[in-house]
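Every letter in the sequence shown is one number past the one before it in this note's numbering, and letter 65, counting from 1, is 71. Glycine residues also receive a C-beta, built at the ideal position from the N, C-alpha and C atoms. Notes follow the structure.
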Amino acid sequence: MKLLYCRTCGDIVKLLRESRPCACGLSTGAYVNDRDVAVSGPAWVMGIPNMDMAIALQRMTVLDIDAGGTHVYGPNLTAFFLYPHHHTIQRT
Ligand SMILES: [Zn+2]
């Protein structure tokens with residue numbers, strides 16, 4: 007899963023096939039295929055490994071069922087930034 011991070015307003019937007027803007031409107035981005043994204047404006051691209059997300063969601067489901075338990079925090083989920091000129095990023 008790739009996300010757009012706007013360096014102006016700090017908004018984080020999940021990238022989809024349709025172009026989506028950040029909260030301030032200066033950054034936009036979209037997937038152009040299953041791997042590559044196109045972004046514009048003062049944006050950086052972030053990623054969350056799909057398998058990590060699936061595991062975290064599964065753990066959250068278990069925690070949600072166990073709502074009366076003693077858990078304080080849910081599972082960790084690590085995101086990463088892609089280098090600005092990563093080969094999967096097109097700047098428009
Ligand atoms: Zn913005």
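Neighbour-count burial assignment, residue i, 16 or more Cβ in a 10 Å radius
i: Y11; result: buried
i: L9; result: buried
i: T34; result: buried
i: A36; result: buried
i: L22; result: exposed
i: C28; result: buried
Anticipated Cβ contact below 8 Å, residue i with residue j, distance rounded
i: I18; j: M52; result: 7 Å
i: M7; j: M66; result: So it is not a contact: roughly 15 Å between Cβ atoms.
i: A49; j: Q96; result: The Cβ separation is near 12 Å, so there is no contact.
Legend entry - Residues passing the C-beta test against ligand 1 heavy atoms, cut-off 6 Å: C12, T14, C15, D17, C28, A29, C30, L32, S33
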